[in-house]
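Asker: Residues in the sequence shown are numbered consecutively from 1, following UniProt numbering.
We put the CB at the ideal spot given by N, CA and C, even for glycine.
Nothing here was measured: the structure is a model prediction, and the numbers come from that model.
Questions regarding the structure given below will be posed in turn.
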Amino acid sequence: MLGQYVNQRSANSAAPAGQNDSTEIIYLPTASGPMPIAAEINGRLYAIHTDHLSTPRRLTNQQGQVAWQWLISGFGEVRPNTGNRGYGQTVSGPSYAQAVKFDLRYPGQVFDEETGLSYNLHRYYDAATGRYIQADPIGLEGGWNRFGYVGGDPLGASDPMGLMPQCRWLGLVMHCSNVNHPIPGYENPSNPPWSWGNGGITENMGVPRPSDMTRLEERQWDRHCNGNPDPCGSLKNAVRIAIGMAMTKKKNMELDPSGLFGTIGWGTHATDLAGRIGNINAMIGLGEKLSCDMSQEKILAQTIYIPNRPFK
């Protein structure tokens, strides 16, 4: 998926003379909504590194140099650092690139420099106060505090539509719901733009157990399909959740915040990620044997791999 926005020309713009800054975002569809993975800014390509909620935290250029980064804070009130000024640094270094303007914030938000607010589809969010400046258009259905953001848990939940928490971490699992509220004055899609629907088989209580399953596939059958009226929908949902968790594990290894590379801890994480990949492939294989449409899941699964070493 592709998104685009245009800004006023910045001081260090690489856009042609007389033109405004232009940014195109490439999104990867996931179970928890679109994940930004790359940005083309004024003709230059950057990789987007996100956290567990798909919030952008770092941009790197094609040489792997950091061009933009946003420190994790309570409600996003800390301004991003750009270019050759990293966290705690006052001089340039080889790891940092020319500064770049990038306005994505929490999922579904685009920062407006003139107002200092973030546009969040149905409302504007003020990171300085951790609140929306307008009341929730769906009323108390979004929570008792009609101005609050994700129930005061911005590091554990997201609200890409500006209505109510849509994805929330519950233990080790991210739980997401497709929100479709009637809002006065707005045209509402039947499903959010990242909803992929259910599986290819619906009323199928009588789907026979495949006879050629591997041991891992048998385990997934017992977990998600046995006696399930919609085994395809259940499998697809389980695969998306598993891919999201594996993606988080992969990102943690790539960033290596605890400095585990070269220790037994790194090997433990690699073994865990390998097991997750095996389970994902088993669920996809089982889905294909049930004639489920697993094409989207296969594409997503190709983005999961075991890093050889951290980025840094």
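1. In chain order, what residues of the same chain lie with their CB nearer than 7 Å to the CB of Val-78, ignoring the 5 residues before and after it?
2. Can you list, in chain order, the stretches of the beta strand (DSSP E) that have 3 or more residues and sit fully within the stretch 93–147?
3. Only counting the same chain, and skipping five residues up and downstream in sequence, which positions put a Cβ closer than 6 Å to that of Ser-234?
4. Mark Leu-117 as exposed unless 16 or more other C-beta atoms lie within 10 angstroms of its C-beta, in which case mark it buried.
5. Give the range of the alpha helix (DSSP H) segment to which Trp-221 is assigned.
6. Can you round the beta-carbon distance between Gly-162 and Gly-108 to whole angstroms, since I take them to be within the 8 Å contact cut?
7. Does the stretch 213–224 come close enough to the stretch 280–299 that 3 or more CB-CB pairs lie under 8 Å?
8. Pull up the distance between the alpha-carbon of Asp-103 and that of Arg-146, whole angstroms please.
9. Considering only DSSP beta bridges, list what Asn-81 is partnered with.
10. Considering only C-alpha positions, which residue in the set His-52, Ala-246, Gly-74 and Ile-41 is nearest to Leu-300?
11. Within 10 angstroms of its Cβ, does residue 313 collect 16 or more other Cβ (buried), or is it exposed?
12. Would you check if the distance between the CB atom of Ala-31 and the CB atom of Asn-237 is smaller than 8 Å?
13. Arg-58 by DSSP, collapsed to three states: which one?
14. Cys-232: which of Gly-259, Asp-293 and Pro-56 sits nearest, CA to CA?
15. Pull up the DSSP beta-bridge partners for Tyr-305, would you.
16. Should Arg-309 be labelled buried (16 or more other beta-carbon atoms within 10 Å of its own) or exposed?
17. Return the bridge partner residues of Ala-270 from the DSSP annotation.
18. Is Met-164 near Ile-133, with beta carbons less than 8 Å apart?
19. Please state the DSSP three-state secondary structure of Thr-30.
20. Quick check on Tyr-305: buried or exposed, where buried means 16 or more other Cβ atoms within 10 Å of its Cβ?
21. How many Å lie between Val-66 and Gly-83 at the Cα?
22. What separation, rounded to the nearest whole angstrom, lies between the Cα atoms of Cys-167 and Leu-53?
23. Which first and last residues belong to the beta strand (DSSP E) in which Thr-50 is found?
24. If you reduce the DSSP assignment to three classes, tell me which class Arg-240 lands in.
25. Can the beta-carbon of Asn-81 be found less than 8 Å from the beta-carbon of Gln-63?
26. By how many angstroms is the C-alpha of Asp-153 removed from the C-alpha of Glu-141?
27. Report the three-state DSSP secondary structure of Ser-158 (helix, strand or coil).
28. Could you work out which residue in Phe-75, Arg-131 and Asn-61 is closest to Lys-101 when comparing CA atoms only?
29. Does DSSP put Pro-231 in a helix, in a strand, or in coil?
30. Would Lys-249 and Asp-272 qualify as a contact pair, given that the criterion is a beta-carbon distance under 8 Å?
31. Determine whether the beta carbon atoms of Ser-158 and Tyr-119 lie at a separation below 8 Å.
32. Using the Cβ count rule (16 or more neighbours within 10 Å means buried), how would you classify Gly-76?
Answerer: This is what the structure holds:
1. The residues are Leu-71.
2. Taken in chain order, the unbroken stretches of beta strand (DSSP E) that lie wholly in the stretch 93–147 and span 3 residues or more are 110–112, 117–119 and 124–126.
3. So the qualifying residues of the chain are His-224 and Asn-228.
4. With 16 or more Cβ atoms within 10 Å of its Cβ, Leu-117 is classed as buried.
5. That run of the alpha helix (DSSP H) goes 215–224.
6. Yes, they are in contact, since the Cβ atoms of Gly-162 and Gly-108 sit about 7 Å apart, within 8 Å.
7. Here the stretch 280–299 lies against the stretch 213–224, with 3 or more beta-carbon pairs under 8 Å apart.
8. Using only the alpha carbons, I get a separation of about 25 Å.
9. Gln-69.
10. Restricting attention to His-52, Ala-246, Gly-74 and Ile-41, the CA atom closest to the CA of Leu-300 is found in Ala-246.
11. Residue 313 cannot be examined here, being either before or after the span of the chain that is shown, 1 to 312.
12. If you check the CB distance, Ala-31 and Asn-237 come in under 8 Å.
13. Looking at Arg-58 - three-state DSSP - the assignment turns out to be strand.
14. Ranking Gly-259, Asp-293 and Pro-56 by Cα distance to Cys-232 puts Asp-293 first.
15. Beta-bridge pairing links Tyr-305 to no other residue.
16. A residue is called buried once 16 or more other Cβ atoms fall within 10 Å of its Cβ, and Arg-309, having fewer, is exposed.
17. Paired residue(s): none; Ala-270 is not in a bridge.
18. When the beta-carbon positions are compared, Met-164 and Ile-133 stay at least 8 Å from each other.
19. If DSSP states are grouped into helix, strand and coil, Thr-30 belongs with coil.
20. Tyr-305 should be labelled exposed.
21. Spanning the two alpha carbons is a distance of roughly 7 Å.
22. So the two alpha carbons sit approximately 8 Å from each other.
23. Run containing Thr-50: 44–50, per the beta strand (DSSP E) assignment.
24. Helix, per DSSP.
25. No; because the gap between Cβ atoms is not below 8 Å, this pair is not in contact.
26. Roughly 17 Å between the two C-alpha positions.
27. Looking at Ser-158 - three-state DSSP - the assignment turns out to be strand.
28. Comparing Cα positions, the closest option is Asn-61.
29. In the structure shown, Pro-231 sits in a helix (DSSP, three-state: H, G or I).
30. Yes, Cβ-Cβ distance for Lys-249 and Asp-272 is below 8 Å.
31. No, Cβ-Cβ distance for Ser-158 and Tyr-119 is not below 8 Å.
32. So Gly-76 counts as buried.
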